[in-house]
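Using our numbering, read the sequence shown as starting at 7 and increasing by one per residue.
First up is the structure itself, then whatever we jot down about it.
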Amino acid sequence: MGKDLSRKKRNCWLEPEACNREETFNFCSEYIDFLSECKTERECVEYMQELAQENGFIPLESCKKEGRKLVRGDKVFLNLRDKALILFVIGREDMEKGINIIGSHIDSPRMDLKPSPLYEDQGIALFKTHYYGGIKKYQWTTIPMALHGVVFKSNGEKLEIAVGEDPDDTVFTITDLLPHLARQQMEKKAEEVISGEGLNFIAGTIPQEYDTDDKNSKGAKNAVLELLKDKYGLEEEDFISAELTAVPSGRARDVGLDRSLVGGYGQDDRVCAYVSFKAIMDIKDPEKTCAAIFADKEEVGSMGNTGMQSVLFENAVGELMELVTGSGEDLRLKRALSNSKALSSDVAAAVDPNYSDTHDKENAPRLGNGVTIEKYTGHKGKSGGSDANAEYMSQVRQVFNSENIVWQPGELGKVDLGGGGTIAQFLAYYGMDVLDCGVAVLNMHSPFELSSKADIYMTYKAFIAFYHKMK
Ligand code: MN
Ligand code: MN
């Protein structure tokens, strides 16, 4: 038999020079704190903006107001309606030659409260929800949930709410039928086992009175409204101007005897968001101007005024160019964008040993084998994805190899099984080179997603390399 000429598959855990184990575990213990504390896009923006400011980032808006010119090494941020965030580090080279962009999203699947959520049935007060993003509904019942979000009262006063995270807090839950009585339910297709309108979670059960006519207690809804009034000063109408969402309660944590994995809610895509945030915090005097985008609304198609289909990113780069070069006029902005290089930083689907038939094993990412690069996403014949050029693949590969980054190729799953997209296509719209690149996970979109600590740390190193070395 001849010499084995196959591409060498690498595993981070077996390459301590590329992936120092102590550094990996330390990095991920901070990540676990972030994941535990930031369960909505608003909470992510608040966390990142505060840390960015501590690290010398200043608001783009205040530079504009003061007419302050930005120079090499300056660090600025733009907050988009408290739900998305863009960070920039000004480089040495003219922006018109392009900037290096890493874009991730900070929204995750969840249960949003309906605009008029509170009702009572069978003496129990419940909240109605409309789920956000693609979920397997049956995974979201009978688990402890926390309520996060904001409410704007009738006078416009903003109230921030997070109930169900502290071990002493109360939690919420969506009920499911006992197996003894579930014969009909168990015969249904998984998609229909739990209905969308059945995703109501319990708000309270203490009644206000006993109705002697129909022999039922009632007033549980009223009692909940009374509690909301006493505790928060909330009226029922205030729900109309609220963004309240139920998310899995509790902290993210280590998984496995070897503690090699992180388990927790919202890793799609907060794992890539966290890693790119850490990377842009740590870059030093880059040649290219660097940008990190933390977008909202990816899970529902990037629609809306905080999603990547809006012009807000384009405007942000225009504003920045004006402060750096004195002119953010249209053609120069278009040149800057089309000359840019981007990583669409989103999670990939790792091979699951319980469902390994779902993947083409030659093209599926594995936990621990490093940062995943996906030439394309999409579904049914690559539809809806952004297919990176071979030329750009070559550049990224050279950058990663030159910095001893452990990387692996990835694809979403077997060709005919389904698929999905990322924000890559909305960046590619400007004509820039874009590649999907991120951390492979298991249990994607479930209340408890899994990622490998080695991949997380390696992706951080890959992003540092990208910011510094991509030409
Ligand atoms: Mn994602
Ligand atoms: Mn997703």
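Glycine included, each C-beta is placed from N, C-alpha and C at the ideal position.
Given the structure is predicted, the values throughout are model-derived calculations rather than measurements.
A distance below 7 angstroms between beta-carbons, with the five flanking residues on each side excluded, links Ile96 to the following residues of its chain, in chain order: Leu76, Val77, Arg78, Gly79, Asp80, Thr295, Val330. Applying a distance threshold of 5 angstroms between residue Cβ atoms and the heavy atoms of ligand 1 selects Asp274, Asp275, Asp352, given in chain order. In the three-state scheme derived from DSSP, where H, G and I count as helix and E and B as strand, Asn106 is classed as strand. In terms of Cβ geometry, Ala355 and Ala446 form a close pair [threshold 9 angstroms]. With a 10 Å radius around the Cβ and a threshold of 16 neighbouring Cβ atoms, Met309 comes out exposed.
Out of Ile38, Thr251, Met438, Ser223, the CA that lies nearest to the CA of Asn345 is found in Met438. The straight-line gap separating the alpha-carbon atoms of Ala24 and Leu41 is approximately 25 angstroms.
Taking all protein chains in view, the Cβ of Leu267 is crowded by 16 or more other Cβ atoms within 10 Å, so the residue is classified as buried. For ligand 2, no non-hydrogen atom lies closer than 8 angstroms to the CB of Gly272. Gly170 is not a Cβ neighbour of Ser114, given a cutoff of 9 angstroms. Look at the beta carbons and you see the segment 41 to 60 touching the segment 261 to 275: at least three pairs across the two are nearer than 8 angstroms. Note on the segment 29 to 60: there is no whole beta strand (DSSP E) run with a minimum of 3 residues. Distance from the Cα of Phe454 is smallest, within the candidate group Ala298, Asp291, Gly269, Asp358, for Gly269.
Relative to ligand 2, the beta carbon of Glu47 is positioned no closer than 8 angstroms to any heavy atom. Counting only runs of 3+ residues, the beta strand (DSSP E) found wholly inside the segment 183 to 269 occupies 207 to 210, 215 to 217, 222 to 224, 248 to 254, 259 to 261, in chain order. Here Lys347 is bridged, per DSSP, to Asn106, Asp439. For Glu163, the shortest C-beta to heavy atom distance toward ligand 2 is 8 angstroms or greater. In the three-state reduction of the DSSP assignment, Cys25 falls in the coil class, being assigned neither a helical nor a strand state. Annotation for Ile286: no beta strand (DSSP E) segment contains it, though the alpha helix (DSSP H) segment containing it runs 273 to 288. The closest heavy atom of ligand 2 lies 8 angstroms or more from the beta carbon of Ser457. Under the three-state reduction of DSSP, Pro359 is assigned to helix. Residue range 413 to 415 is occupied by the beta strand (DSSP E) that includes Gln414. In the DSSP assignment, His474 falls within the unbroken alpha helix (DSSP H) covering 459 to 475. For Met117, the enclosing beta strand (DSSP E) covers residues 116 to 127. Distance check between Arg13 and each of Ala209, Glu368, Glu21, Val156 places Glu368 closest, using alpha-carbon atoms only. Residue environment: Thr378 is assigned as buried (16 or more neighbouring CB atoms within 10 Å of its CB, all protein chains considered). With a cutoff of 9 angstroms on beta-carbon distance, Val82 and Cys69 are scored as near each other. Set against 8 angstroms, the gap from the CB of Glu305 to the closest heavy atom of ligand 2 is smaller.
Here Lys120 has Lys134, Thr135, His136 as same chain residues with Cβ atoms under 7 angstroms from its own Cβ, once five neighbours each way along the sequence are excluded. For His451, the distance from the CB to the nearest heavy atom of ligand 2 is below 8 angstroms.
With respect to the C-alpha of Thr465, the residue from Asp244, Cys278, Ile180 having the closest C-alpha is Cys278. Cα atoms of Met327 and Ser122: separation of roughly 44 angstroms, rounded to the nearest angstrom. Annotation for Gly426: Thr383, His385, Leu418 place their beta carbon closer than 7 angstroms to its own, counting only its chain and skipping 5 residues before and after.
In this structure the segment 175 to 187 touches the segment 145 to 152; the number of beta carbon pairs closer than 8 angstroms is three or more. In this structure, Leu343 keeps its C-beta atom at 9 angstroms or more from the C-beta atom of Gly139.
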